[in-house]
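Sequence order for the protein chains is A and B.
Numbered as in my numbering, the first sequence ends at 385 without a single skipped number.
Numbered as in my numbering, the second sequence ends at 339 without a single skipped number.
To keep things clear, I will list the structure first and then write my remarks on it.
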Amino acid sequence: MNFLRKKFYSYYLHPSIKFPHRVERREFAFVLFNEQSMHRHISFSSKDGLLNYLKTNIPAHVYYSSAYYRNPSASTMQEKKWMGADLIFDLDADHLPNAKEMSYEDSLREVKKEAIKLLSFLIDDFGFSKEEIEIYFSGSRGYHLHVSNSKVLELGSQERREIVDYITGRGLNIEEIAREKKIYKGKFVDKTIEICPQAGGWKGRIAKTLIKFFREIRNMSREKAIEELMKIESVGNKMAEDIYDALNDERMRRIEEGKLDQATAFKKIVKPLIRKLAISLHSEADEPVTADIKRLIRLPGSLHGKTGLRVTEVKIDEINEFEPLRDAVVFSDEKVKIKMLKPFRIEMMEEEFDLKGVAKVPEYLAVFLVAKGVAEAFS
Amino acid sequence: MDLFKLSYYPFLAEAKEWVKEQGVSVEEILSDVIYERARRRAIERIEHAILKGTISEAPLTNEVDCAMEIFSYPIARMIAVSFENEYVLRRYALAEAKKAYERMKNEDMQFIVHIAEEFGMEIKNDAIHFSDYLRYAPTWDMKWKLVNRDLKDGYVSVAKQEIARLLQEAIRKKIYDELAYLYAPPEIKRVFYNDILRLRSKVVVRKEKKIRGDASFPDFPPCIKAIISAVKSGKNVPHVGRFTLVTFLNAIGMDEDEILKLFSKSPDFQEDKARYQIEHITGKISGTVYSIPRCSTIRTWGLCYPDERCKYVSHPLMYYRRKRK
Ligand code: SF4
Chain A
7 MNFLRKKFYS YYLHPSIKFP HRVERREFAF VLFNEQSMHR HISFSSKDGL LNYLKTNIPA
67 HVYYSSAYYR NPSASTMQEK KWMGADLIFD LDADHLPNAK EMSYEDSLRE VKKEAIKLLS
127 FLIDDFGFSK EEIEIYFSGS RGYHLHVSNS KVLELGSQER REIVDYITGR GLNIEEIARE
187 KKIYKGKFVD KTIEICPQAG GWKGRIAKTL IKFFREIRNM SREKAIEELM KIESVGNKMA
247 EDIYDALNDE RMRRIEEGKL DQATAFKKIV KPLIRKLAIS LHSEADEPVT ADIKRLIRLP
307 GSLHGKTGLR VTEVKIDEIN EFEPLRDAVV FSDEKVKIKM LKPFRIEMME EEFDLKGVAK
367 VPEYLAVFLV AKGVAEAFS
Chain B
15 MDLFKLSYYP FLAEAKEWVK EQGVSVEEIL SDVIYERARR RAIERIEHAI LKGTISEAPL
75 TNEVDCAMEI FSYPIARMIA VSFENEYVLR RYALAEAKKA YERMKNEDMQ FIVHIAEEFG
135 MEIKNDAIHF SDYLRYAPTW DMKWKLVNRD LKDGYVSVAK QEIARLLQEA IRKKIYDELA
195 YLYAPPEIKR VFYNDILRLR SKVVVRKEKK IRGDASFPDF PPCIKAIISA VKSGKNVPHV
255 GRFTLVTFLN AIGMDEDEIL KLFSKSPDFQ EDKARYQIEH ITGKISGTVY SIPRCSTIRT
315 WGLCYPDERC KYVSHPLMYY RRKRK
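Have a look at this one:
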């Protein structure tokens, strides 16, 4: 038995699997070591059946269907008979706009921030309770959020796509967020742009962020504020100065009430500013994945064949403290001799490793490096 | 609910109950002279649905009028089924739903909420649970898109009229689904033989009257081509993409059946739903013909793949017209 398989075996003797609801209605799929193709359309009538399979076959990757089927082991969708599916969001570091320039550790931190943003949408806007949401570190480069709620089970893919569009801010109508309003004062017409911080949805979200933005600008030094303002599309030096200087107590008070005066430079920056804030507020959930009502997801508690890390549950209230390269580690720190195939640097279990040539490293790191294909184990 | 209300909404469970309580057999209803009025009215329902896409008003001055009106509904359903024609079923279900919408607009909130509950919608404080909203809202329309709605704690704020609009779709779906399983006794065909024959010829004529557009695919702008190839290869296409495609094809004169054929390749294709969406966009249902989005809008949706010619246009139709010259 090769090194990885042996290690995975030792884990699957006593794994800590988190079983999905209605195990017997799910399709399972496995990829075995040294095989490319996936074994699909497998179902288990009990949790023990699944545990036995893991022990006997020692798979490199384990998946189950987000959908429930009447006949989960049938080979065509028609015979499977779809009954419903959990709502799954996939956040992957590869989808971050600047993924390529980041280190593995940094990208994991960034994608965790995305997960936190997504949580706020799911809880504040969609009204899911914390008990209905489960977060998992994927074992590699991202997080999965599972929502199980009876009202979403039967939503089709078009409806799910609407949910993703909401979260990613796609199709957002900016005109609706900042509305022009005319106030008649006798003969005069006063024009303001109105935002609604008390509203729900994106309207309220953006309004609150807009107010916060101006509050922050006001508390900055003149120099810093102008620099910040000039980051907004189409704002030059002159306009930035005008805005900063106009931001007196009275104007700030009006902004907090949701009134942006039309007459000033404010009018010009509202739209580009909203566009900028919308980008910072949306969450990068993967659309095709979430809208798919019959996809496969990694089984919580199984090992990821390309890292040896465990697909690990993250408690919602502890997400800030969660460190994947510490909390998803399952192997020991017993020393193992390996040969590096190329130099590699990583921080794991809060320890720095800078490796090349032959090295003696903790077992968890040896598994990680061999799984990643940057090292070989001595048998 | 009193009889007047029930006769307005004969598809409600309560109306069905009422009919049952009267203990009238199908035989009686189809042959007894007492029900002649209900039978005439049933044909009127179908005829109006086929020709005008809605249900006509009937004068309701007393309880007998109402009773006849309520009886006419189950008869009309059986007639619709005896046509054995998809188009008639769809058109009839939609017509009933549209009529109900027209009437619900004038009801008070309490009443609308009552109907909504029958359809399993969760409504509280002028807001509806987002899952019910998504099931029935025409979200390909910017205004109805969830991202542009006030969503808080799982509920979307909706005005009374908007709930009525969501109900229209729920009603249409319910009626249509029921028709699919409904058995029409053979006597129906005998009793209404002449009417069915007369109306059937109108259905055929109506379908043939449509002109075939001579759409020229090579001249389509790249954005439209991209959407078409995605749809054809069975990829999931976002709403806005479908919306863009349908408005475009409609504008250049393609008819609904041809457009529908294109979509039949899509993985989550449901003929009845797709047809409804297409007919909504082309104005058959909504009354508004939606216009093709401008290039700038298509761009913000991430669906624009400009080529050389695109430099000089701001609208996909402009691209097409220029290239065809
Ligand atoms: S520029 Fe306009 S016509 Fe050209 S691809 Fe983009 S949206 Fe289509």
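Note that the Cβ used here is the ideal one computed from N, Cα and C, for glycine as well.
- The Cβ atoms of L283 of chain A and L216 of chain A sit closer than 8 Å to each other.
- Around the CB of T258 of chain B, 16 or more other CB atoms lie within 10 Å, so the residue is classed as buried.
- Neighbours of H294 of chain B in chain A, taken as residues whose beta carbon is under 7 Å from its own, are absent, since the nearest beta carbon is some 14 Å off.
- By the Cβ test, the stretch 147-159 of chain A is not in contact with the stretch 257-275 of chain A, since fewer than three Cβ pairs between them sit closer than 8 Å.
- Between E31 of chain B and K174 of chain B, the alpha-carbon positions lie close to 27 Å from each other.
- Look at I285 of chain A here: in three-state DSSP terms it is helix.
- Within the same chain, Cβ atoms closer than 8 Å to the Cβ of E30 of chain A are found at S49, F50, S51, S52 and P78, the five residues on either side in sequence being excluded.
- Across the structure, F36 of chain A and I23 of chain A are spaced so that their CA atoms are roughly 15 Å apart.
- By the criterion of a C-beta distance shorter than 8 Å, G162 of chain A is surrounded in its chain by I299, once the five residues flanking it on both sides are discounted.
- Boundaries of the alpha helix (DSSP H) around E183 of chain B: K174 to Y195.
- A check of alpha carbon separations from R351 of chain A across A:G363, A:E340 and A:K343 identifies A:G363 as the nearest.
- The three-state reading of DSSP puts I129 of chain B in helix, counting H, G and I together.
- Look at E322 of chain B here: in three-state DSSP terms it is helix.
- Against chain A, the CB of Y169 of chain B has a partner CB under 8 Å away; the residue lies at that interface.
- When CB distances to chain A are screened at a threshold of 7 Å, the residues of the stretch 131-153 of chain B falling below it are H143, F144, S145, L148, R149 and T153, in chain order.
- With contacts defined by Cβ atoms closer than 8 Å, F144 of chain B and L165 of chain B form a contacting pair.
- For a Cβ distance threshold of 8 Å, residue set L160, V161 and L165 of chain B lies close to Y172 of chain A, ordered along the chain.
- DSSP lists A:H45 and A:V68 as the beta-bridge partner residues of F36 of chain A.
- The nearest non-hydrogen atom of the ligand SF4 is less than 7 Å from the C-beta of V327 of chain B.
- Within the stretch 199-271 of chain B, the alpha helix (DSSP H) runs of at least 4 residues that lie entirely inside it are, in chain order, 200-205, 207-223, 236-246 and 253-265.
- Between N254 of chain A and the set A:R221, A:V276 and A:S240, the nearest pair of CA atoms involves A:R221.
- Using a Cβ-Cβ cut-off of 8 Å, M156 of chain B is close to G177 and N179 of chain A, given in chain order.
- For K298 of chain B, the secondary structure class from DSSP, reduced to helix, strand or coil, is coil.
- The ligand SF4 has a heavy atom closer than 7 Å to the beta-carbon of C237 of chain B.
- For a Cβ distance threshold of 7 Å, residue set D164 of chain B lies close to K209 of chain A, ordered along the chain.
- Burial of P24 of chain B is indicated by the presence of at least 16 other C-beta atoms within 10 angstroms of its C-beta.
- The beta-carbon separation of A365 of chain A and V376 of chain A, rounded to 12 Å, does not stay under the 8 Å limit for a contact.
- DSSP, read as helix, strand or coil, puts K34 of chain B in helix.
- Shown here, I142 of chain B sits in a strand according to DSSP, grouped into three states.
- I295 of chain B and V260 of chain B have their C-alpha atoms some 7 Å from each other.
- The stretch 178-191 of chain B and the stretch 121-131 of chain B touch, with three or more beta-carbon pairs separated by less than 8 Å.
- When the beta-carbon positions are compared, G177 of chain A and M156 of chain B come within less than 8 Å of each other.
- For S171 of chain B, the enclosing beta strand (DSSP E) covers residues Y169 to S171.
- Using a CB distance cut-off of 8 Å, F132 of chain A counts as an interface residue toward chain B.
- Collapsing the DSSP output to three states places L253 of chain A in coil.
- The beta carbon of K157 of chain A sits closer than 8 Å to some beta carbon of chain B.
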